[in-house]
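In the UniProt record's numbering, the protein residues as written are 1 to 155. Input: a single structure, listed below in structure tokens.
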Amino acid sequence: MMSSLFDQYALPAAVTIAGMHQLLRFTKNVGEARRKYSVKVPDITGPPEFIRVFRAHQNTLELYPVSLTSLWIGSVFFHPVPASAVYFVYLIGRQRYFKGYVENVENRIPGFYLSLRCLIGLTVMCILGTGHKLVRYYGGIDLFQLLQENLPKLH
């Protein structure tokens, strides 16, 4: 069976779909909170319980472009498997953040820090992968090859 260039990106595509599903669930939660607390569109204020659901969703929306960009740049220029694995953990962090925020403002902190650490990890992958490709393409130096040649052989 022949594989295509795109086959290696099935895993980042799968976690992207999981992220889309998560965002849609959070959106649905805002709609349910609007009905439960009688907050009509376009109002964004209401009881604290509604505001927590709304803010948890809004914060997720604010970070969505950053998280997806880092997933895909990391997948293309670093490697799709570690980038996808870290993004999956990021989604777990966002879920914990959302659930915690809905319960109590302070309960959002553990999920926030987990997802933040994942974004930092993805950013590092983006920088390393893109930097390596830039140096290799524009400078003619393959940093990974240099490392392999100059690191002591492990037996």
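Backbone N, C-alpha and C define an ideal beta-carbon position, used for all residues, glycine too.
When L122, R108, L134, Y64 are compared against A18, the one with the closest alpha-carbon: Minimum Cα distance to A18 is reached at Y64.
DSSP three-state assignment for residue 157, whether helix, strand or coil: Only positions 1 to 155 of the chain appear in this structure, which leaves residue 157 out of reach.
Unbroken alpha helix (DSSP H) run spanning F88, endpoints: Per DSSP, F88 belongs to the alpha helix (DSSP H) from 80-103.
Outcome for Y101 when other beta-carbon atoms lying within 10 angstroms are tallied against a minimum of 16: By the 16-neighbour rule on beta-carbons within 10 angstroms, Y101 is buried.
Where the alpha helix (DSSP H) through V39 begins and ends: Boundaries cannot be given for V39, as no alpha helix (DSSP H) includes it and DSSP labels it neither H nor E.
Bounding residues of the alpha helix (DSSP H) (the contiguous stretch that carries F144): Counting along the chain, the alpha helix (DSSP H) containing F144 begins and ends at 143-150.
C-beta atoms of F77 and V15 nearer than 7 Å: Taking the C-beta atoms as reference points, V15 is found no nearer than 7 Å to F77.
Assigned secondary structure, M2 (DSSP; H/G/I helix, E/B strand, else coil): When DSSP states are grouped into helix, strand and coil, M2 belongs to the coil group.
Distance between beta carbons of S115 and R94, contact taken as under 8 Å: Rounded to whole angstroms, the Cβ separation of R94 and S115 is 5 Å, and the two are in contact under 8 Å.
Beta-carbon proximity check, V53 vs V30, cutoff 7 Å: By the CB criterion at 7 Å, V53 and V30 fall inside the cutoff.
Distance cut-off 6 Å: F54 Cβ against heavy atoms of the ligand GDP: Among the ligands in the structure shown, none appear at all, so the ligand GDP cannot be discussed.
Assumed close pair M125, A83 - CB separation to whole angstroms, cut-off 8 Å: M125 to A83, Cβ: 6 Å. Contact.
Cβ separation of L122 and G74, assumed to be a contact under 8 Å, to the nearest whole Å: Contact between L122 and G74 holds: CB atoms are separated by about 5 Å, below the 8 Å threshold.
Test item: CB-CB of L119 and H132 under 7 Å: No. Outside cutoff.
Spatial neighbours of V86 in its chain, beta-carbon cut-off 7 Å, leaving aside the 5 residues before and after: Within the same chain, V86 has close Cβ partners C118, G121, L122.
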